[in-house]
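Heads up: the protein sequence lines correspond to chains A and B, in order.
Numbering follows our numbering, in which position 91 of the first sequence is assigned residue number 91; successive positions increment by one, without gaps.
Numbering follows our numbering, in which position 2 of the second sequence is assigned residue number 2; successive positions increment by one, without gaps.
For every residue, glycine included, the Cβ atom is placed at its ideal position computed from N, Cα and C.
A quick note: this is a predicted structure, and the numbers were derived from the prediction, not measured.
A short write-up of the structure that comes next.
Number of protein chains: 2
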Amino acid sequence: MIRTVLAALAFAALAFSSPQASAADAKQMEINKKNVVEFYNAALNEKDFEKASKYLGATYIQHNPTAPDGAEGLKGFIAFLRDKFPNNKSEIKRVFADGNFVIVHVHAVREPGTRGNAIIDIFRLDDNGKVVEHWDAVQPIPEKAANNNGMF
Amino acid sequence: MIRTVLAALAFAALAFSSPQASAADAKQMEINKKNVVEFYNAALNEKDFEKASKYLGATYIQHNPTAPDGAEGLKGFIAFLRDKFPNNKSEIKRVFADGNFVIVHVHAVREPGTRGNAIIDIFRLDDNGKVVEHWDAVQPIPEKAANNNGMF
């Protein structure tokens, strides 16, 4: 019973990210998705910081533990990719939006011919559709799996 | 130019997951979020397969490479947790919904006192709000990070 109450309270606390039902919000979420896809391609595929930075807002709060904070951190990461993994290809498999958040499911291959990583990124955008915060989880795709469905 | 066209086509192909603006859809997305949070707590925290299985639909297509497919795979995974990591605690930090999909950002600690994993899960639900497919990316939280923002 207490567990149920706690779960209900936890859910209530999480409900801040409710989808809003207005057409205006739906339109903004479509713009947010488009902005994140373009930002992602500019940063990870074209590896063009100048282009990518146009999608950033006043902050770029970074939660990926390997990247320094802010736009400068992104600049350094893109320079690292250009230098060490110029053929990196990040293919977006799915994109979702809820309120100010956009989530992408990505197959990232740093060296052609390798299995690469399964990545799920969460971006927070400001009310102008600019990217201001980033979280992710990165998992190397294993050689063998316990099911035949693949990671995507 | 070709890159831009390809990016536009890729985005168009991804647009199937458009948020729908009707109030009925928004209500169903809230129900989907609630179902996934309850399913997650039943499976990962209470480790109660019978309870968790009530949230499953006709299939449970599993993309986590360590878990066998289907409801039986989930049953085996919960039995493994009860046996090896009875104190596993999975704390949902954020929950999002878009159409038939629910995404959760989770801090999972298998052994109390350890840093644990950052996990982002994607669930697909059927039109009745039952869970029918699962993808995730799991990343161990490192001891040191290049920024001070934490992974959540």
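Exercise for the section: Would you tell me roughly how many angstroms separate the C-alpha atoms of Trp-135(B) and Gly-99(B), rounded to the nearest one? Expected result: 16 angstroms
Handout entry: Boundaries (first-last residue) of the alpha helix (DSSP H) holding Leu-81(A)
Key = 70-84
Exercise for the section: From the DSSP output, read off the bridge partner residues of Leu-125(B). Expected result: Val-131(B)
Handout entry: Neighbourhood of Asp-126(B) by C-beta, 8 angstroms cutoff - its chain only, sequence neighbours within 5 removed
Key = Gly-57, Ala-58, Asn-100, Val-132
Problem - Three or more C-beta pairs below 8 angstroms linking the region 70-81 of chain A and the region 41-48 of chain A - result: yes
Problem - C-alpha distance - Lys-84(A) paired with Arg-110(A), whole-angstrom precision - result: 9 angstroms
Problem - Distance cut-off 8 angstroms: Phe-80(B) Cβ against heavy atoms of the ligand ADP - result: Of ligands this structure carries none, so the ligand ADP is not represented either.
Handout entry: Any chain D beta carbon closer than 9 angstroms to Phe-96(A)
Key = The structure shown contains no chain D; the protein chains it does contain are A and B.
Handout entry: The alpha helix (DSSP H) enclosing Lys-34(B), as first and last residue numbers
Key = 23-40
Problem - Opposing strand residues paired with Ser-90(A) [DSSP bridges] - result: Ala-108(A)
Exercise for the section: Report the three-state DSSP secondary structure of Phe-49(A) (helix, strand or coil). Expected result: helix
Handout entry: Three or more C-beta pairs below 8 angstroms linking the region 60-72 of chain A and the region 143-151 of chain B
Key = yes
Handout entry: CA nearest to the CA of Asn-35(B), picked from Ser-22(B), Lys-51(B), Tyr-55(B), Lys-27(B)
Key = Tyr-55(B)
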